[in-house]
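K.L.:
Pasting a structure here, questions to come.
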Ligand SMILES: Cc1cc2nc3c(=O)[nH]c(=O)nc-3n(C[C@H](O)[C@H](O)[C@H](O)COP(=O)(O)OP(=O)(O)OC[C@H]3O[C@@H](n4cnc5c(N)ncnc54)[C@H](O)[C@@H]3O)c2cc1C
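Numbering (the numbering used here), first residue to last: 1 to 417.
Here you go:
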């Protein structure tokens with residue numbers, strides 16, 4: 001079959017990879033001139049099954065209230081904004097803040113993330129990809145006793161679903177990543193996931209895209225997709241600013257733009273953009289920078305070593321589709337980085353970036369068929385788009401190819417909303 005993949009982010013590109021491998025003719029369509037130029041451009045760089053705990057949990061509404069009005073808070077909510085999509089998303093988010101739903105959503109995310117980690121390893125065995133990747137695990141460190149206790153309980157839940165997580169003392173944290181020594185006295189403990197990974201998601205996407213091109217996948221870049229072509233209840237293709245493109249099936253991988261794109265067809269996708277920021281610090285003294293990927297729980301920041309650069313990402317803002325870089329919030333990330341690793345890089349050479357996480361209220365992506373014949377979804381990957389991309393791409397390729405996917409699909413499709 002000839003399948004159109006809409007969107008060339010990490011999700012669209014991995015989808016194209018698995019569709020091509022399944023024997024389909026594949027066309028990827030994107031408005032940018034290359035793959036991975038929007039949210040997949042400068043993310044936190046973690047392959048983090050360990051972060052499968054959803055944003056919506058019993059503690060989140062209280063934390064969010066506490067953060068209101070704080071310009072540097074991990075979550076900034078533009079609650080004065082008139083935006084029905086945001087309010088409707090927030091109501092669904094709140095309904096997921098129960099203990100029971102937190103556990104259900106953790107299991108669903110982990111199901112995809114663990115599968116995805118294996119898929120990524122298998123891709124690496126078949127293709128040579130160079131994306132500054134490291135297989136040194138992820139260490140999540142804590143400065144608050146209360147948060148650490150909650151995390152240890154959450155780690156038990158994740159262990160039950162197959163994720164290996166090890167609880168560490170502050171001195172074990174420093175043994176795992178020696179450059180945390182300067183803040184050892186602030187730490188109450190850490191949780192280490194040895195099988196998680198890190199790397200540059202943008203380079204990964206571009207290199208996988210280049211491989212797909214060699215396998216005859218067509219990339220229609222610089223094409224702004226305007227609408228679907230639907231005849232007799234079946235999708236036949238898309239209209240773009242460069243003309244119509246036809247196919248036997250269409251997969252939506254448009255990240256945060258999936259929801260507004262599908263609204264005219266009566267498909268209500270509860271995906272809202274959660275803006276996040278990253279900084280990329282060029283390293284002048286690489287020995288003083290971490291090599292193990294890290295998560296600072298207090299400030300919700302993630303650190304990934306990308307060759308001679310340190311990527312640090314975090315914070316979330318709910319307030320529309322702008323990708324403007326807020327100086328206060330992004331400079332806060334730099335400040336916190338230099339507090340932990342004071343003498344490793346050149347602050348004058350920092351690249352600042354902002355991207356829109358395509359966030360569902362339950363933190364689980366939407367994968368599967370739609371009520372429109374031959375129209376499929378692989379979108380809404382939120383904070384873990386790279387982590388879940390390979391697994392969800394393999395799943396949607398299997399669904400389209402009418403093969404039995406390797407993981408259980410319950411609770412992953414649009415039907416759950
Ligand atoms: C600060 C930050 C840190 C993050 N850290 C991590 C991390 O450490 N690990 C992790 O796993 N995930 C992380 N994420 C999340 C991850 O980056 C995203 O989930 C992922 O990039 C989403 O990929 P995507 O392909 O769905 O979307 P995108 O990469 O945004 O791709 C969508 C594509 O659709 C195209 N498009 C949209 N509309 C149109 C249109 N009308 N016509 C043509 N083309 C269109 C866009 O050009 C774009 O290329 C982070 C995100 C942010 C913002």
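Here a beta-carbon is modelled for each residue, glycine too, at the ideal position from N, C-alpha and C.
It should be emphasised that the depicted structure is a prediction, and the values quoted were computed from it without experimental measurement.
1. Hey, out of 244, 179, 100, 347, whose CA is closest to residue 226's CA?
2. With DSSP as the reference, please indicate the residues paired to residue 46 in a beta bridge.
3. Within 7 angstroms: the Cβ of residue 30 and any heavy atom of ligand 1?
4. CB of residue 62 to nearest heavy atom of ligand 1: below 7 angstroms?
5. Residues in its own chain within less than 8 angstroms of residue 411 by CB, not counting five upstream and five downstream?
6. Do the region 269-279 and the region 337-352 touch if we need at least three Cβ pairs shorter than 8 angstroms?
7. Between residue 38 and ligand 1, is the CB less than 7 angstroms from at least one heavy atom?
8. Would you mind working out which of 177, 232, 296 sits nearest residue 141, comparing C-alpha positions?
9. Do residue 3 and residue 391 have their C-beta atoms closer together than 8 angstroms?
10. Which same chain residues end up closer than 8 angstroms to residue 310 when comparing Cβ atoms and leaving out the 5 residues on each side of it in sequence?
11. Based on the DSSP secondary-structure assignment, which residues constitute the bridge partners of residue 244?
12. Taking 7 angstroms as the cut-off, does the CB of residue 43 come closer than this to any heavy atom belonging to ligand 1?
13. Please tell me whether residue 334 has its Cβ less than 8 angstroms away from any Cβ of chain B.
14. Does the Cβ of residue 276 lie closer than 7 angstroms to at least one heavy atom of ligand 1?
15. Hey, how far is the Cα of residue 379 from the Cα of residue 151?
16. In its own chain, which residues sit with a C-beta less than 8 angstroms from the C-beta of residue 229, not counting the 5 before and 5 after it?
17. Over what stretch of residues does the beta strand (DSSP E) that includes residue 84 continue unbroken?
18. Please find out if some non-hydrogen atom of ligand 1 comes closer than 7 angstroms to the beta-carbon of residue 358.
P.N.:
Reading from the atomic positions:
1. 244
2. 198
3. yes
4. no
5. 104, 108, 364
6. yes
7. yes
8. 296
9. no
10. 280, 281, 283, 289, 290, 303, 304, 337, 341, 344, 345
11. 239
12. yes
13. Considering every chain present, this structure includes no chain B. It has just one protein chain.
14. yes
15. 28 angstroms
16. 235, 236, 237, 238, 239, 244, 246
17. Looking at the DSSP string, residue 84 is not in any beta strand (DSSP E); the run it does join, the alpha helix (DSSP H), is 84-95.
18. yes
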